[in-house]
Amino acid sequence: MILFDFDYERAATLEDAVAILARLQGEARALAGGTDLLPSMRMENIKPRLLVSLGAIEPNEPEMLADGSIRIDALSRLASLENSSLLRDKVPMLAESAHVVGSNQIRQMGTLGGNLCQETRCMQLDQKHDYQFVAPCFKRGGDCCYPFPRNKRDICWSVYMSDIAPALIALDAEVEILGEAGRRRIHVEELFTGNGLKPLKLGQAELLRAVFIPQRPRGYTWGFHKSTVRGGLEFGMAVIAVALQIAEDGMTCADARIVIGAVREAPVRLAAAERSLKGVVLDEKRLAQVAAEASREANPLPHHGFTKRHLMDNIRVYLRRTMAQAIGRARSPER
Ligand SMILES: Cc1cc2nc3c(=O)[nH]c(=O)nc-3n(C[C@H](O)[C@H](O)[C@H](O)COP(=O)(O)OP(=O)(O)OC[C@H]3O[C@@H](n4cnc5c(N)ncnc54)[C@H](O)[C@@H]3O)c2cc1C
Ligand code: SF4
215 MILFDFDYER AATLEDAVAI LARLQGEARA LAGGTDLLPS MRMENIKPRL LVSLGAIEPN
275 EPEMLADGSI RIDALSRLAS LENSSLLRDK VPMLAESAHV VGSNQIRQMG TLGGNLCQET
335 RCMQLDQKHD YQFVAPCFKR GGDCCYPFPR NKRDICWSVY MSDIAPALIA LDAEVEILGE
395 AGRRRIHVEE LFTGNGLKPL KLGQAELLRA VFIPQRPRGY TWGFHKSTVR GGLEFGMAVI
455 AVALQIAEDG MTCADARIVI GAVREAPVRL AAAERSLKGV VLDEKRLAQV AAEASREANP
515 LPHHGFTKRH LMDNIRVYLR RTMAQAIGRA RSPER
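In case it helps, this note's numbering puts the sequence shown at residues 215 to 549.
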């Protein structure tokens, strides 16, 4: 596939990049590692007039702040996150979620900001348009939706497949956004619109600057699982991130955050499942019951050849195992 012509500028700072994006009024895109953007451009899903490279801006190392929270530069390469001793020690779920992205080559190039801002995916979208289809779908500005023909034109059920976003939401992380008006900070779960047509609540000239993870509460434990068919170099079939807070007795759940990724237009936080875990003793029977209810609450979209039934079964089985993994970790003397 031959790439169309576009202009290219290298920003010296993130502020410069924002200024260039603002000047081009929606006709420019930021280029970080390029591992998501360039394939989308090759398929002509995205056709910017100009690319603003962030490649000359050196990211800071992840650091622990005075209040015990952790700051991670959005330009950090995923390989540096999976190998960071600070992250492996303090927030291993994040290091693990970076580790399961794509392949080593992808993680050497791909950045945290690019991972969070990646495009939603759909089998009908992710191929060169004139190669297979006559009419463009809604997301390409056309008049139809191939997998969901009854959808109205303002709805697109393409799936958001970041492996890292579910972990960050389970960790209650925030993201710092830089725009023309300065900085703002929101929770990672507030970054998403829930509509595949425009998946992110970011302005045309806004960029992610950093991610902040608050200090983990006493009794915190975690579990993470990514299901794939091949086990490597593959987007998730379903991604499960669990953060539990276990009470002093070592048996009762004081708090829970459960997030499922790669099954909808945005990561899904399972609020009802979280509520039904709070204040109860975490035995096998309860975990199985919560996982069964949670698979219905997640309400996965069929995607990439996986049926809704298959994804619900996957979530039911692996959520139970991931919660059990988290509890086992909390009770392990080596933790
Ligand atoms: C073969 C293959 C396998 C993959 N497997 C996975 C996988 O298993 N899991 C997964 O999560 N992803 C996967 N990806 C997607 C992608 O490689 C990663 O998500 C990667 O982290 C994207 O980061 P990047 O820096 O390359 O983003 P880019 O391609 O540079 O950018 C992606 C998007 O984010 C925007 N952007 C970049 N940086 C910022 C910023 N700081 N602020 C705001 N917007 C920004 C860009 O403008 C663009 O729209 C895969 C990609 C390929 C090609
Ligand atoms: S789900 Fe979205 S991307 Fe896929 S065909 Fe429908 S409109 Fe296009």
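No residue lacks a Cβ here, since even glycine has one placed at the ideal position from N, Cα and C.
DSSP lists Val266 as the bridge partner or partners of Glu223. When Cβ pairs closer than 8 Å are counted between the two stretches, the segment 422–436 is seen not to touch the segment 514–529, the count staying below three.
Excluding sequence positions up to five before and after Met278, its CB lies within less than 6 Å of the CB of Ile284, all in the same chain and listed in chain order. Put simply, the backbone Cα of Asn297 is about 23 Å away from that of Thr536. Within 7 Å of the C-beta of Glu448 there is at least one heavy atom belonging to ligand 1. With fewer than 16 other Cβ atoms from the protein chains shown falling within 10 Å of its own Cβ, Asp221 counts as exposed.
If you compare the alpha carbons of Pro262, Leu515, Ala384 with that of Leu484, the shortest gap goes to Ala384. Between ligand 1 and Pro253, a heavy atom-to-CB distance of less than 7 Å is present.
Assigned with DSSP and collapsed to three states, Arg285 falls in strand.
Ala508 and Leu491 have their C-alpha atoms some 11 Å from each other.
Taking each of Pro361, Ala470, Glu448 in turn and checking the Cα distance to Val456, the smallest one comes out for Ala470. Rounded to the nearest angstrom, the Cβ distance from Tyr374 to Gln338 is 16 Å, too far for a contact under 8 Å.
Within the DSSP secondary-structure output, His313 pairs in no beta bridge.
For Leu217, the CB contacts under 7 Å within the same chain, skipping 5 residues up- and downstream, are Met255, Arg256 in chain order. In the DSSP assignment, Leu292 falls within the alpha helix (DSSP H) that extends over 292–296. Val495 and Phe438 have their C-alpha atoms roughly 21 Å apart. Judged by DSSP secondary structure, Lys522 falls within the alpha helix (DSSP H) whose first and last residues are 522–545. Per the CB criterion, closer than 6 Å to any heavy atom of ligand 2, the qualifying residues run in chain order as Cys336, Gln338, Leu339, Cys351, Phe352, Lys353, Cys359, Tyr360, Pro361, Phe362, Cys370, Trp371, Ser372, Gly410.
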